[in-house]
């Protein structure tokens, strides 16, 4: 016996088993979808136009609701490339392009943002201790000037001075990084 004779059926069986195991629809849904497709084909050939839902329901022996449900399965039955063309409001695009929001950050923008955060973090760490405390309490802990004054045991005007001085120092350090 030649391997081709034996191997063909083994390989075909393995492929079919794999497809059945990974079928997103299931056996009964796939059978009903097949019936609907067959009815669409037959009615289209006979009438010279696409059949209505009522005609499909009558031909398939199903309710209109069941026909609509089966037709909704068809969306999940297609597996295609992300590069396949799809129509969008602006013309032709790809499935991949349709999945990515137009305003999505690019990798470069993400990297630049991360670098800015790292520079700012390093600059905050380099501040004198009191200024660092004021920045952390104000921007990270969302405390008011009065609350910070109570914690630091200073006046609100002193907290405001420390805050202003910290912002000045941060600006100077960050501009020094860019210069």
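Residue numbers (the working numbering): 281 to 459. For glycine and all other residues, C-beta sits at the position ideal for the given N, C-alpha and C.
Contact between residue 429 and residue 416 does not hold, since the beta-carbon distance rounds to 15 Å and is not under 8 Å.
Between the alpha carbons of residue 442 and residue 399 lies a distance of about 21 Å.
DSSP, reduced to helix, strand and coil, places residue 440 within a helical segment of the structure shown. In this structure residue 412 touches residue 404 by the C-beta definition: roughly 6 Å separates them, less than 8 Å. The three-state reading of DSSP puts residue 426 in helix, counting H, G and I together. Residue environment for residue 347: buried (at least 16 other C-beta atoms within 10 angstroms of its C-beta).
Restricting attention to 424, 446, 316, 418, the CA atom closest to the CA of residue 330 is found in 316.
DSSP, reduced to helix, strand and coil, places residue 451 within a helical segment of the structure shown.
Note that the C-beta distance between residue 305 and residue 313 is below 8 Å.
Here residue 291 is exposed, its C-beta having fewer than 16 other C-beta atoms within 10 Å.
Taking the Cα positions, residue 284 is about 16 Å away from residue 295. For residue 412, the enclosing alpha helix (DSSP H) begins and ends at 409-415.
A check of alpha carbon separations from residue 446 across 437, 388, 407 identifies 407 as the nearest.
A residue is called buried when at least 16 other Cβ atoms come within 10 angstroms of its Cβ; residue 402 does not meet this threshold and is exposed. Residue 436 and residue 392 have their alpha carbons spaced roughly 36 Å apart.
Straight across, the Cα-Cα distance linking residue 454 with residue 444 is about 15 Å. Residue state for residue 435 is assigned as coil, using DSSP reduced to three classes.
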